[in-house]
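Below you'll find the structure, written out as structure tokens, and then a few comments.
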Amino acid sequence: MARKTRIAVIGGGIGGCTAAHALLQKGFDVHVYEAQPELKEIGAGVALGPNAMKAMRALGLEQAVRDVAYQGDYQYLLSWKSGRVISKNARADAERRYGAAGCSVHRADLLDVLSSGLPKEILSLGARGAEVDTHGNVAWAKFKDGTEIEADAVIGADGIHSAVRASLFGADAPKFTGKICYRSVIPVDAVPGGPPAHNGTWLGPHGAIVIYLVRRGELINVVAHHDDDTYKHESWITECDRQEPIERYGQWHESLKRLFSASQIWYKWALYDRDPIPQWTKGRVTVLGDAAHPMLPYLGQGACQAMEDGCVLAMALEAMPDDVPGALQLYERSRRPRASQVVLEARARGVDNHLVSPLAALKRDATIWLRQRISPDRGGRGLTWIPSYDPGSRSVLVI
Ligand SMILES: Cc1cc2nc3c(=O)[nH]c(=O)nc-3n(C[C@H](O)[C@H](O)[C@H](O)COP(=O)(O)OP(=O)(O)OC[C@H]3O[C@@H](n4cnc5c(N)ncnc54)[C@H](O)[C@@H]3O)c2cc1C
Numbered sequence: 365m366a367r368k369t370r371i372a373v374i375g376g377g378i379g380g381c382t383a384a385h386a387l388l389q390k391g392f393d394v395h396v397y398e399a400q401p402e403l404k405e406i407g408a409g410v411a412l413g414p415n416a417m418k419a420m421r422a423l424g425l426e427q428a429v430r431d432v433a434y435q436g437d438y439q440y441l442l443s444w445k446s447g448r449v450i451s452k453n454a455r456a457d458a459e460r461r462y463g464a465a466g467c468s469v470h471r472a473d474l475l476d477v478l479s480s481g482l483p484k485e486i487l488s489l490g491a492r493g494a495e496v497d498t499h500g501n502v503a504w505a506k507f508k509d510g511t512e513i514e515a516d517a518v519i520g521a522d523g524i525h526s527a528v529r530a531s532l533f534g535a536d537a538p539k540f541t542g543k544i545c546y547r548s549v550i551p552v553d554a555v556p557g558g559p560p561a562h563n564g565t566w567l568g569p570h571g572a573i574v575i576y577l578v579r580r581g582e583l584i585n586v587v588a589h590h591d592d593d594t595y596k597h598e599s600w601i602t603e604c605d606r607q608e609p610i611e612r613y614g615q616w617h618e619s620l621k622r623l624f625s626a627s628q629i630w631y632k633w634a635l636y637d638r639d640p641i642p643q644w645t646k647g648r649v650t651v652l653g654d655a656a657h658p659m660l661p662y663l664g665q666g667a668c669q670a671m672e673d674g675c676v677l678a679m680a681l682e683a684m685p686d687d688v689p690g691a692l693q694l695y696e697r698s699r700r701p702r703a704s705q706v707v708l709e710a711r712a713r714g715v716d717n718h719l720v721s722p723l724a725a726l727k728r729d730a731t732i733w734l735r736q737r738i739s740p741d742r743g744g745r746g747l748t749w750i751p752s753y754d755p756g757s758r759s760v761l762v763i
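Each residue of the sequence shown is one higher than the last, beginning at 365 in the numbering used here.
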């Protein structure tokens, strides 16, 4: 009997675990190497669009994710001070248009669902990938402790500061955007007078605040963006003084001020922009998720795209079982144009969300409002091609 194709996945985050599920489902011999001593996520939420939920459906995990998530009836776009509704999207419409509704989930809960279904023996923890190589019939990964492994394919799913990407293509050159981001998770019960009435994005001068419930509605996830060219530290886990966001958004809607007053811990990081990279694959090594297409968080698509990658990678390898380098090219061909377009749209959205001139902001809001009414199937911001995608369908392979 022919031996199974061996796939080494470097990185056990959202993308790596999704890929591992998808590859196991297709019968590959998968091993995941994670740098941390345990599979663990930062305390924050993640919004999963219809495209991500279709990835979970393809892996048989949709219900398990929905069981720990929150699903509101509507998603709102609101004006920062007055709370005026700019647009409103119904979950039922998303189900009808895209074949699945999105939801929001605590990252730790999502990773629990993704990792609990993986057999323990396919995980190596505390394994920090350092270098990769590919020759002829084999790919290698070398770890920081000097260990080496070989496989038929190595997949770099090791996040935004990917060692695999650097080893394949050299160091990247991120550009500081002059924008920063705060995040916090606040228990709903702690908010005086109750949480803001609507889940969604508040657009204001110099920034935006995104709030949504997670953990079946027990917690509120807050991501607050702002222009600030003085802070340049790119890390998701650096705490800041809680007074800073409270003061910074002191003029925003009263329900947001009440929400912020109940916060305890805030994290702050600087947003860096990276151009889409022109190549993901060399021989038997490729990258996925943030390692392949790091993007600004304005579309809430980083994790969704990583999930799409995992599903499509497994389908490509299944389609060309006797030609691993060809299958990795098929994966890249099928995924890179779309993910690169999402990177560029996220960049544009960052500019559009931070408009300072009241006139420009009014024009933006009116355009969104009008488009939503005239052409609801195109959406207020014209990006319905993102949720429409079904990463579980073989039709997405560019054969
Ligand atoms: C504030 C914020 C909000 C966001 N909100 C959303 C959202 O609402 N929706 C959405 O879709 N996306 C969102 N994203 C983006 C999303 O979190 C990322 O795009 C997603 O986590 C990428 O998954 P990944 O598996 O590629 O990388 P990661 O989640 O970063 O996982 C990488 C894994 O690799 C491990 N690792 C790192 N280096 C090595 C190494 N050398 N060797 C072995 N293992 C290694 C890490 O420990 C980690 O476990 C948000 C991001 C931020 C910062």
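Cβ coordinates follow ideal geometry from the N, Cα and C atoms, glycine included.
| message | Just checking Asp522 against ligand 1 - is the residue's beta carbon closer than 7 Å to any of the ligand's heavy atoms? | response | Sequence index remark: in the sequence shown, residue 522 carries index 158 (1-based). The answer is yes for Asp522.
| field | The beta strand (DSSP E) enclosing Pro551, as first and last residue numbers | value | As a position in the sequence shown, residue 551 is number 187, starting the count at 1. Residues Lys539 to Pro551.
| message | Just to confirm, is the Cβ distance from Ala433 to Cys467 under 8 Å? | response | What you label residue 433 is simply residue 69 of the sequence shown in a count that begins at 1. What you label residue 467 is simply residue 103 of the sequence shown in a count that begins at 1. Going by C-beta atoms, Ala433 is nearer than 8 Å to Cys467.
| query | Nearest CA to the CA of Lys543: which residue from Val649, Leu474, Asp593 and Leu475? | reply | Sequence index remark: in the sequence shown, residue 543 carries index 179 (1-based). For the residues Val649, Leu474, Asp593 and Leu475, the minimum Cα distance to Lys543 belongs to Asp593.
| query | Three or more beta-carbon pairs under 8 Å between the segment 499-515 and the segment 635-644, yes or no? | reply | no
| request: Less than 8 Å between the CB atoms is what I'm expecting for Ile550 and Trp616, so what's the real figure, rounded? | output: Indexing the sequence shown from 1 puts residue 550 at position 186. Indexing the sequence shown from 1 puts residue 616 at position 252. About 15 Å; that fails the 8 Å criterion.
| request: Have a look at Gln607 and Ile406 and give me their C-alpha separation to the nearest angstrom. | output: Translated into positions along the sequence shown, residue 607 becomes position 243. Translated into positions along the sequence shown, residue 406 becomes position 42. C-alpha separation (whole angstroms): 22 Å.
| Are there 16 or more other CB atoms within 10 angstroms of the CB of Arg547, so buried, or fewer, so exposed? | Position 183 of the sequence shown, counted from the start, is the residue given in the question as residue 547. Buried.
| query | Over what stretch of residues does the beta strand (DSSP E) that includes Val496 continue unbroken? | reply | Residue 496 sits at position 132 when you count from the first residue of the sequence shown. Looking at the DSSP string, the run of the beta strand (DSSP E) that includes Val496 is Gly493 to His499.
| request: Taking all protein chains shown into account, decide if Asp591 is buried (16 or more other Cβ within 10 angstroms of its Cβ) or exposed. | output: Position 227 of the sequence shown, counted from the start, is the residue given in the question as residue 591. Burial call: exposed.
| said: If you follow the alpha helix (DSSP H) that Val429 is in, where does it begin and where does it stop? | reply: Taking the first residue of the sequence shown as 1, we reach residue 429 at position 65. From DSSP, the alpha helix (DSSP H) with Val429 extends over Glu426 to Val432.
| In DSSP terms, what Gly564 is bridged to | Sequence index remark: in the sequence shown, residue 564 carries index 200 (1-based). In the DSSP output, where bridge partners are listed per residue, Gly564 has Tyr440 and Ile575.
| task | Look at the alpha carbon of Asp476 and the alpha carbon of Ala724, and state the distance between them as a whole number of angstroms. | result | Taking the first residue of the sequence shown as 1, we reach residue 476 at position 112. Taking the first residue of the sequence shown as 1, we reach residue 724 at position 360. In a straight line, the C-alpha of Asp476 is about 43 Å away from that of Ala724.
| task | Answer yes or no: do Ile750 and Leu441 have a C-beta to C-beta separation smaller than 8 Å? | result | Start at 1 with the first residue of the sequence shown, and residue 750 comes out as number 386. Start at 1 with the first residue of the sequence shown, and residue 441 comes out as number 77. No, the pair does not count as a contact, with Cβ atoms beyond the cut-off.
| Considering only the beta carbon of each residue, do Pro560 and Ser619 sit closer than 8 Å? | Within the sequence shown, the letter at position 196 stands for residue 560. Within the sequence shown, the letter at position 255 stands for residue 619. In contact: Pro560 and Ser619 (Cβ atoms closer than 8 Å).
| Should Gln643 be labelled buried (16 or more other beta-carbon atoms within 10 Å of its own) or exposed? | The residue you call residue 643 lines up with position 279 of the sequence shown. So Gln643 ends up on the exposed side.
| task | Can you tell me which of the three DSSP states Phe507 falls into? | result | To locate residue 507, count along the sequence shown from 1; it is residue 143. Strand, per DSSP.
| query | Is any heavy atom in ligand 1 found nearer than 7 Å to the beta carbon of Cys675? | reply | Along the sequence shown, one-based indexing puts residue 675 at 311. No, the beta carbon of Cys675 sits no closer than 7 Å to any heavy atom of ligand 1.
| Chain-order list of residues whose beta-carbon lies under 6 Å from that of Val762 (same chain, five-residue window excluded) | Start at 1 with the first residue of the sequence shown, and residue 762 comes out as number 398. The residues are Arg697 and Ser698.
| said: Within 10 Å of its beta-carbon, does Asn415 have 16 or more other beta-carbons around it, so buried, or fewer, so exposed? | reply: Position 51 of the sequence shown, counting from 1, holds the residue named residue 415. Looking at its Cβ environment, which holds 16 or more other Cβ atoms inside 10 Å, Asn415 is buried.
| task | Could you tell me the distance, in whole angstroms, from the CA atom of Arg713 to the CA atom of Tyr662? | result | Here residue 713 corresponds to residue number 349 of the sequence shown, with the count starting at 1. Here residue 662 corresponds to residue number 298 of the sequence shown, with the count starting at 1. Roughly 6 Å separates the two Cα atoms.
| Between the CA atoms of Gly447 and Leu660 - distance to the nearest angstrom | The sequence position of residue 660 within the sequence shown is 296, counting from 1. The sequence position of residue 447 within the sequence shown is 83, counting from 1. The alpha-carbon atoms of Leu660 and Gly447 are separated by roughly 25 Å.
| query | Skipping 5 residues on each side, what residues in its chain have a beta carbon closer than 8 Å to that of Gly614? | reply | As a working note, residue 614 is residue 250 in the sequence shown. Cβ neighbours of Gly614 beyond the five flanking positions: Lys621.
| Cα-Cα separation, Ile374 to Gly520 | Residue 374 sits at position 10 when you count from the first residue of the sequence shown. Residue 520 sits at position 156 when you count from the first residue of the sequence shown. Taking the straight line joining both Cα atoms gives about 5 Å.
| For Ser451, which residues from the same chain have a beta carbon less than 7 Å from its beta carbon, with the 5 sequence-adjacent residues on both sides left out? | Here residue 451 refers to the residue found at position 87 when the sequence shown is read from its first residue. The residues are Leu441, Ile732, Trp733, Gln736 and Gly744.
| query | If Ile575 sits next to Ala372, beta carbons under 8 Å apart, how far is it from one beta carbon to the other, in whole angstroms? | reply | The residue given as residue 575 occupies position 211 in the sequence shown. The residue given as residue 372 occupies position 8 in the sequence shown. That pair is no contact at about 39 Å.
| message | What does the Cβ neighbour count give for Gly377, buried or exposed, with the cut at 16 atoms within 10 Å? | response | As a first step, residue 377 is located in the sequence shown; it is residue number 13 there, counting from the start. Answer is buried; the Cβ neighbour count reaches 16.
| said: Quick check on Lys632: does DSSP put it in helix, strand or coil? | reply: Within the sequence shown, the letter at position 268 stands for residue 632. Here Lys632 sits in strand by DSSP.
| task | Output yes or no for whether 8 Å exceeds the beta carbon distance between Ala411 and Thr382. | result | Position 47 of the sequence shown, counted from the first residue, corresponds to residue 411. Position 18 of the sequence shown, counted from the first residue, corresponds to residue 382. The answer is no: Cβ separation not under 8 Å.
| So, His657 versus Trp633, is the Cβ gap smaller than 8 Å? | Here residue 657 is taken as the residue at index 293 of the sequence shown, counted from 1. Here residue 633 is taken as the residue at index 269 of the sequence shown, counted from 1. The answer is no: Cβ separation not under 8 Å.
| request: Run the proximity test for Gln400: is its beta-carbon closer than 7 Å to any non-hydrogen atom belonging to ligand 1? | output: Within the sequence shown, numbered from 1, the residue matching residue 400 stands at position 36. Under cutoff, so the answer is yes.
| query | For Asn766 versus His589, is the C-beta distance shorter than 8 Å? | reply | A question about residue 766 goes unanswered here, because the residues of the chain that appear run from 365 up to 763.
| message | Please identify the residue among Thr645, His499, Ser599 and Leu423 whose C-alpha is closest to the C-alpha of Ala691. | response | Mapped onto the sequence shown, residue 691 falls at position 327. Answer by Cα proximity: Thr645.
| request: Quick one: residues in its chain with C-beta nearer than 6 Å to the C-beta of Gly746, no 5 flanking neighbours on either side, listed in chain order? | output: In the sequence shown, the residue the question calls residue 746 occupies position 382. The answer is none, since no qualifying residue turns up.
| message | Assuming contact is defined by CB atoms lying nearer than 8 Å, are Asp729 and Ser443 in contact in what I supplied? | response | Residue numbering aside, residue 729 sits at position 365 when the sequence shown is read from its first letter. Residue numbering aside, residue 443 sits at position 79 when the sequence shown is read from its first letter. For Asp729 and Ser443, yes; Cβs fall inside 8 Å.
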